[in-house]
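A.B. asks: If you read the sequence shown in the numbering used here, its first letter stands for residue 15, the second for the next number, and so on.
Pasting a structure here, questions to come.
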Amino acid sequence: VFLKKEISKLIDGPVFAPHITTSEDFLLETIGWEQESNPSLIFKLYAAYLDLNLKEKDSFSDFSKWAQTLLGDFNEIDRYLVSPKEIFSYLSDVKRIESWELSPGESADSQLISDYLKFWENLPEFYSNFKNILLQEGKVYQGLAYREMAENISKYLPTLKAKYKSFYFIGFSALNNS
Numbered sequence: 015v016f017l018k019k020e021i022s023k024l025i026d027g028p029v030f031a032p033h034i035t036t037s038e039d040f041l042l043e044t045i046g047w048e049q050e051s052n053p054s055l056i057f058k059l060y061a062a063y064l065d066l067n068l069k070e071k072d073s074f075s076d077f078s079k080w081a082q083t084l085l086g087d088f089n090e091i092d093r094y095l096v097s098p099k100e101i102f103s104y105l106s107d108v109k110r111i112e113s114w115e116l117s118p119g120e121s122a123d124s125q126l127i128s129d130y131l132k133f134w135e136n137l138p139e140f141y142s143n144f145k146n147i148l149l150q151e152g153k154v155y156q157g158l159a160y161r162e163m164a165e166n167i168s169k170y171l172p173t174l175k176a177k178y179k180s181f182y183f184i185g186f187s188a189l190n191n192s
């Protein structure tokens with residue numbers, strides 16, 4: 015609204031207003047996918063979790079307590095174009111080191127620790143399962159939309175050039191790598 019008001023001050027006669035949209039809406043319009051609602055993302059995340067090869071799995075009730083944090087992490091990984099395989103491998107190694115007990119007589123190989131480490135080792139597969147579920151349905155969350163555009167810009171550029179004469183991006187308060 016404010017931008018249109020400022021543009022109108024520069025124009026003497028009637029003209030068509032330029033297409034003005036948010037970065038997020040621009041991305042979704044360009045890639046042709048839909049942003050999924052947060053509750054639906056949690057259910058899809060749980061479906062991806064159930065596909066993991068883990069002996070013990072949390073109930074949906076327990077899962078939902080930590081799912082939002084993981085969803086936020088996936089979003090940030092995608093927005094900053096971090097390699098999921100590399101970051102999760104690093105985190106898995108950190109968790110393995112944290113669980114390494116050197117006290118005499120104590121076993122670091124308890125089932126609980128083993129299951130805990132298995133979860134961290136499965137994070138790359140978890141991310142991949144979740145991403146595949148969304149992409150098959152043409153749904154995304156913000157970070158995944160940004161990653162898709164950044165990694166496949168050459169695929170979308172011809173369509174954008176044909177549709178728009180020029181682009182002006184303003185308001186870069188929330189820039190990230192993608």
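Each residue gets a CB set at the ideal place from its N, CA and C atoms; glycine is no exception.
Because the structure is a prediction, the values reported are computed rather than measured.
With burial defined as no fewer than 16 other Cβ atoms inside 10 Å of the residue's Cβ, what is the status of I167: buried or exposed?
C.D. replies: The residue labelled residue 167 in the question sits at position 153 within the sequence shown. Its Cβ having fewer than 16 others within 10 Å, I167 is exposed.
A.B. asks: Which residues in the same chain as N143 place their Cβ atom closer than 6 Å to its Cβ, once the five residues preceding and following it in sequence are excluded?
C.D. replies: Within the sequence shown, the letter at position 129 stands for residue 143. Counting only Cβ-Cβ distances below 6 Å, and skipping sequence neighbours, we find A62 and D65.
A.B. asks: Work out the CA separation of R110 and L131 for me, nearest whole Å.
C.D. replies: For the purposes of this step, residue 131 is taken as the residue at position 117 of the sequence shown. For the purposes of this step, residue 110 is taken as the residue at position 96 of the sequence shown. About 6 Å.
A.B. asks: Please confirm whether G46 and D92 have their CB atoms less than 9 Å apart.
C.D. replies: The residue labelled residue 46 in the question sits at position 32 within the sequence shown. The residue labelled residue 92 in the question sits at position 78 within the sequence shown. No, Cβ-Cβ distance for G46 and D92 is not below 9 Å.
A.B. asks: For K153, name the three-state secondary structure that DSSP assigns.
C.D. replies: Within the sequence shown, the letter at position 139 stands for residue 153. Strand, per DSSP.
A.B. asks: Quick check on DSSP: helix, strand or coil for E70?
C.D. replies: As a working mapping, residue 70 is identified with position 56 in the sequence shown. Looking at E70 - three-state DSSP - the assignment turns out to be coil, as it is neither helix nor strand.
A.B. asks: With a cut-off of 8 Å on the beta carbons, I'd call Q49 and V154 a contact; round off their distance for me.
C.D. replies: As a working note, residue 49 is residue 35 in the sequence shown. As a working note, residue 154 is residue 140 in the sequence shown. That belief holds up - the Cβ atoms of Q49 and V154 are roughly 6 Å apart, short of 8 Å.
A.B. asks: So, L41 versus Y160, is the Cβ gap smaller than 9 Å?
C.D. replies: Taking the first residue of the sequence shown as 1, we reach residue 41 at position 27. Taking the first residue of the sequence shown as 1, we reach residue 160 at position 146. Contact: yes.
A.B. asks: Suppose the cutoff is 7 Å on Cβ atoms and the five residues either side in sequence are ignored; what does the same chain contact list for L55 look like?
C.D. replies: On the sequence shown, position 41 is the one that residue 55 refers to. So the list reads L85 and Y155, once near-sequence residues are dropped.
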